[in-house]
Amino acid sequence: ISGGENISSVEVEGVLLRHPAVQEVAIVGLPHERWGEAPQAFVVLRAGSSATADEIRQFAREHLAHFKVPQGVTFIDELPKTATGKIQKYLLRGGAAIARQ
Numbered sequence: 001i002s003g004g005e006n007i008s009s010v011e012v013e014g015v016l017l018r019h020p021a022v023q024e025v026a027i028v029g030l031p032h033e034r035w036g037e038a039p040q041a042f043v044v045l046r047a048g049s050s051a052t053a054d055e056i057r058q059f060a061r062e063h064l065a066h067f068k069v070p071q072g073v074t075f076i077d078e079l080p081k082t083a084t085g086k087i088q089k090y091l092l093r094g095g096a097a098i099a100r101q
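First residue of the sequence shown: 1, per our numbering; consecutive thereafter.
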């Protein structure tokens, strides 16, 4: 929920996965002073591909309502996963919180 609006991370992830440079993506809500929480994208790029945070956000703007567009994009080498392949979003949230301090 951001500013009283429900945001489905699955919806935002589905849109960003259609970007040709994106191999994997996870969306997490991070604390935001004004909105309570705001979506943050953690993106793994395809081998040999490149993209900027601005390009990813512009792509999202073209396909999503403005409040669903990630406030930030962090590029990482791989998403943290369990042994069964489930993305461990709590680790992304925790790492982002530490990085902001």
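Quick reminder that beta carbons are idealized off the backbone N, C-alpha and C, glycines included.
Once the 5 residues before and after residue 68 are set aside, which same chain residues still bring their CB inside 6 Å of it? The residues are 7, 12.
Locate the alpha helix (DSSP H) running through residue 53, then write down its first and last residues. Taken as a continuous stretch (DSSP letters only), the alpha helix (DSSP H) holding residue 53 covers 53 to 63.
Residue 89, DSSP secondary structure in three states: In the structure shown, residue 89 falls within a helical segment according to DSSP collapsed to helix, strand and coil.
Cβ separation of residue 56 and residue 32, assumed to be a contact under 8 Å, to the nearest whole Å: Approximately 18 Å separates the beta-carbon atoms of residue 56 and residue 32; this is outside 8 Å, ruling out the contact.
Please tell me whether residue 30 and residue 38 are closer than 8 Å, where the distance is taken between their beta carbons. Result yes, Cβ atoms of residue 30 and residue 38 sit closer than 8 Å.
Specify the secondary structure class of residue 32 as computed by DSSP and reduced to three states. Annotated three-state conformation of residue 32 is strand, per DSSP.
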